[in-house]
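Protein chains in written order, with UniProt numbering: chain A, 1 to 472; chain B, 1 to 158.
For glycine and all other residues, C-beta sits at the position ideal for the given N, C-alpha and C.
See structure below.
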Amino acid sequence: MFEKKRLHPISIFSYVAKQWRDMLLPLFMAVVLKAREVSMVWNIAVPAVALFYTTLAGFFTWLRFTYQINDEELYIEQGIFIRQKSSIPFERIQGISLSIGFFQRLAGVVQVHIETAGNELGKAEAVLTAVTKEEAEQIAQQIRRAKEKGGSAEAISPISGSELSDDIAFSLRFRDVFLLSATSGGVFGALAAISAFISQLDDFISYDVLYRDMQGVIRNALDGALALVVLFLVAYALSVGRHLLRYAFFTVRNQKETIGISRGLFEKQLLTVSKKRVQGMIIKENVIQRLLGYVSVHMIHAGGSLDGGENGSIVLCPFVKKERAVSVIAACFPEYCIHQQFQPLPQRARVRYMLRPVYVLAIPISPLAYFFQPWGIGLLLLLPLASYLGYKSYRMAGWTISGEQLALRNGMFRIETMYTRKYCIQSIATSATWFQKRKQLRTLAVAVMPRMFFKVTDVDEKEAEAVYMWVR
Amino acid sequence: MVQLSKRISERAVSVWRIHAFLRLVIFLLGYSIVSFFIWRFDGPKWVVLLLAVLFLIHLFLSVVVWPLWRWQRWRYDVREKEMEVEYGVWTRRRTLIPMSRVQHVDFRQGPLLKKYRLASVVIFTAATVHEIPALDEQEAEKLCHVISAFVKVDDRDV
């Protein structure tokens, strides 16, 4: 009755394309850098063999991958040499996300990520690379049915729920996408990538010729500055483009038991997060965003990162005015109370905060200052600056308890505030080094998710104990 | 805060001393290689002497003193609603794990611990792993049962 089905053959292409993307750089190195002159073996045979091999592998991977949608479970068989059979009961599926990439769009199919409880972080339990929309809908329905039967009426359906328009909690405007990429530091990332690429090219662009040509081009400092500006503009355009692709049409839908997020320009992604699995909220703001009054909001999510971002967290609002963030969270997660009244750290912690970045910076700076005597001394000016940043960070750090909620805040360049509920806290620790003890200070650390610890350094001893006792 | 009541087994000190000693053998190799090269290439003799002194201090601290301090600082307590552990020589740390958050408990025993009739108890939550090292064998076993009896299913659990 239940037939074994194969994915849409377009998944062969998507597999091959992915393999090629991963192989491009090593292949490029092997082919271009190894042989200076064109040779049959390197320039034609190696890529041909690689192409042949991946196509073959793609074909057999597709051929040997079958799935079966039963009443109770999703049954998958895969593997070319080592057969892997997995059955995933619908009842245990915690989240499902759909995405439509380039190849999926060509064939009019979708990719389905399925995530279950109790598996490794950040790794979707099963991925169906290319199935029809009807089948994705069928899977979603089966999950819903299984959940209803099991007593928990958790609706997990990324498709049928998305037609409603009155439940939109947040959507990102195009203008904000530009602001986001301008302020997120992505520009610098792109700059770094470009310069890394250029330095990679060093090897096979003949230096001398280029140098002679460049001398013509960059005659004076003005041209040099122009070149820098152009480089920056290119980096900026790349960064905006990347953010645009990723965050265009970013829409958050607030449904009864779930949060639905859809986004993407070419590569559409739909994901559904069960509210029950959200363990807390993180609000992040970097220096520039802080000046403009913008923040980004992340949900701490038990289970994989469905959106392909950092482990254990899912972006709820990538870029939003602070006041708006508060109302979005209030609408989606009324149990969280976002506020600004934080219990500051005691005065005696201030000097420790101001000195800590100085120690860290002094280690690399002092030898530099010593060896490059006259001008190197100028580097020492960085130390008061670091100290000032430490002071700012002291002013920002704090904690607060309101009802069942604990909030911790810290950070220097990027301030992070974490809000969590008492029952989401897996463990709490207070610690003190000998120096801290002498000043009656403690470090407070809370674990909510694996590899997600939030801590505030130098909390007053009595206060830290109060928080510790509160968890009990 | 009041200090916790229960201590780990006194035999832990001996086990830790053996461990530290074994680790030191590897360090000794490193010390000797460096000294040999300094000797061979006519480096300053006082550096070799300094290394030897350093090694002796290292030996004294890590084998004689540190295990003892570590044992003195290790405390734990298991109650119906929560468990706590407290440890650390330089950084003193005290951790509270609500019982409802505990997912499972492990009983662990390596060859050295077995010889000394010791075992460790490892406690897992959804986010963290905590180990109570070197308990008396029987006590560790009892503790495992006590903890798993206290752990109740919480419907808000993830």
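Is there at least one Cβ from chain A nearer than 9 Å to residue 160 of chain B's Cβ? For chain B, the structure presents residues 1 to 158; residue 160 of chain B sits outside this window and is missing.
Sufficient close CB pairs (3 or more, under 8 Å) joining the region 76-86 of chain B to the region 45-64 of chain B: no
Extent of the continuous beta strand (DSSP E) to which glycine 312 of chain A belongs: First-last for glycine 312 of chain A: undefined, no H or E at that position.
Rounded to the nearest angstrom, what separates lysine 284 of chain A and threonine 417 of chain A at their Cα positions? 7 Å
Quick one: residues in its chain with C-beta nearer than 6 Å to the C-beta of arginine 352 of chain A, no 5 flanking neighbours on either side, listed in chain order? Asp458
Neighbourhood of phenylalanine 107 of chain B by C-beta distance below 7 Å, restricted to the same chain and skipping five residues each side: Ala119, Val121, Ala140, Glu141, Cys144
Compare the Cα-Cα distances from arginine 92 of chain B to each of B:Val102, B:Val78, B:Trp69 and report the closest residue. B:Trp69
Quick one: list the residues of chain B neighbouring alanine 429 of chain A, beta-carbon separation under 7 Å, in chain order. Arg93, Arg94, Thr95
What separation, rounded to the nearest whole angstrom, lies between the Cα atoms of valine 127 of chain A and isoleucine 365 of chain A? 49 Å
Residue-chain proximity (glutamate 82 of chain B, chain A), Cβ-Cβ < 9 Å: yes
Quick check: the region 60-73 of chain A against the region 6-15 of chain A, are at least 3 beta-carbon pairs closer than 8 Å? yes
Go to serine 262 of chain A, then tell me how far its beta strand (DSSP E) extends in each direction, as first and last residue. 258-263
Secondary structure of alanine 155 of chain A, DSSP reduced to three states: Interpretation of alanine 155 of chain A is limited by its pLDDT of 45, a score under 50 that renders its predicted location unreliable; the figure taken from the coordinates is listed afterwards. Coil, per DSSP.
Return the CA-CA distance between valine 230 of chain A and serine 87 of chain A, expressed in angstroms with no decimal places. 54 Å
Taking 9 Å as the CB-CB cut-off, is isoleucine 425 of chain A touching chain B? yes
DSSP has lysine 321 of chain A in a bridge; who is on the other side? A:Tyr294
First and last residue of the beta strand (DSSP E) that includes methionine 396 of chain A? Note, methionine 396 of chain A: premise wrong, no beta strand (DSSP E); alpha helix (DSSP H) at 382-396.
Cβ of threonine 457 of chain A less than 9 Å from any chain B Cβ? no
With a cut-off of 9 Å, does the C-beta of histidine 130 of chain B fall near any C-beta of chain A? yes
Rounded separation between methionine 281 of chain A and leucine 24 of chain B - CA only: 46 Å
Test item: CB-CB of valine 177 of chain A and histidine 243 of chain A under 9 Å: yes
With 8 Å as the limit, tell me which residues of the region 380-411 of chain A have their beta carbon closer than that to any beta carbon of chain B; keep them in chain order. none
State the Cα-Cα distance for the pair isoleucine 143 of chain A and serine 296 of chain A, rounded to the nearest angstrom. 32 Å
Per-residue DSSP class, three states only, for isoleucine 425 of chain A: coil
Quick check: is the beta carbon of leucine 100 of chain B nearer than 9 Å to any beta carbon in chain A? According to the sequence displayed, residue 100 of chain B carries serine and not leucine. Closer than 9 Å to some Cβ of chain A, the Cβ of serine 100 of chain B qualifies, so yes.
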